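Below is one structure; the comments refer to it alone.
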Amino acid sequence: MKAVFEIKKAADGKFLFNLKAANDEIIFTSQIYETKEGAAAGIVSVRHNASIGPHYEEKTGSDGLPYFVLRAANQAVIGRSQMYSSHEAMQKGIASVRRNAPIAETVDLTAGVRFAGSSRGARG
Numbered sequence: 005m006k007a008v009f010e011i012k013k014a015a016d017g018k019f020l021f022n023l024k025a026a027n028d029e030i031i032f033t034s035q036i037y038e039t040k041e042g043a044a045a046g047i048v049s050v051r052h053n054a055s056i057g058p059h060y061e062e063k064t065g066s067d068g069l070p071y072f073v074l075r076a077a078n079q080a081v082i083g084r085s086q087m088y089s090s091h092e093a094m095q096k097g098i099a100s101v102r103r104n105a106p107i108a109e110t111v112d113l114t115a116g117v118r119f120a121g122s123s124r125g126a127r128g
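Per the numbering used here, the very first residue in the sequence shown carries number 5; after that it's consecutive.
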């Protein structure tokens with residue numbers, strides 16, 4: 005299996021996407037978007053920003069566990085990682101997003117349509 009972005013509907017009818025690694029593990033979750041087109045533009049932004057090291061911000065949750073967010077060029081948060089058990093594990097997560105985001109296909113789970121690297125939408 006290859007890495008994939010999955011667009012899906014949130015409980016409130018809005019949209020979000022997950023980036024899954026080849027092992028089917030979710031390595032990145034987007035913010036919530038009003039439209040499916042907004043989510044698709046968010047994927048384009050992740051692809052563009054994933055290789056830019058300073059756009060990753062390492063954080064610590066209230067439970068003390070590390071996670072990261074990825075920011076666009078305008079400093080808006082595109083999305084975040086899961087919580088990790090250690091700083092080392094978080095660094096591996098960042099490396100996985102950097103490696104997988106540029107090559108991941110996109111699957112629209114709201115329509116059952118699969119399409120390779122769409123360039124629709126604006127870069128962040």
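From the three backbone atoms N, C-alpha and C, an ideal C-beta is built for every residue, glycine too.
Quick caveat: nothing in here was measured; it's all calculated off a predicted structure.
Beta-bridge pairing of residue i - partner residues as DSSP gives them
i	result
P106	Partner(s): none; P106 has no beta bridge.
E62	F72
Which of helix, strand or coil DSSP assigns to residue i
i	result
G83	strand
S90	coil
N53	helix
Q95	helix
S122	With a pLDDT of only 44 at S122, under 50, the local geometry of the prediction cannot be trusted, and no value is derived from it.
Endpoints, the beta strand (DSSP E) within which residue i is located
i	result
K24	F19 to K24
K13	V8 to K13
I30	I30 to S34
Nearest-angstrom Cβ-Cβ length linking residue i and residue j, presumed shorter than 8 angstroms
i	j	result
Y60	L74	6 angstroms
A7	N104	4 angstroms
T110	K13	Incorrect: roughly 15 angstroms between the Cβ atoms, too far for contact.
L23	I36	The pair is not a contact, with the Cβ atoms about 16 angstroms apart (cut-off 8 angstroms).
F72	I56	About 13 angstroms separates the two Cβ atoms, so there is no contact after all.
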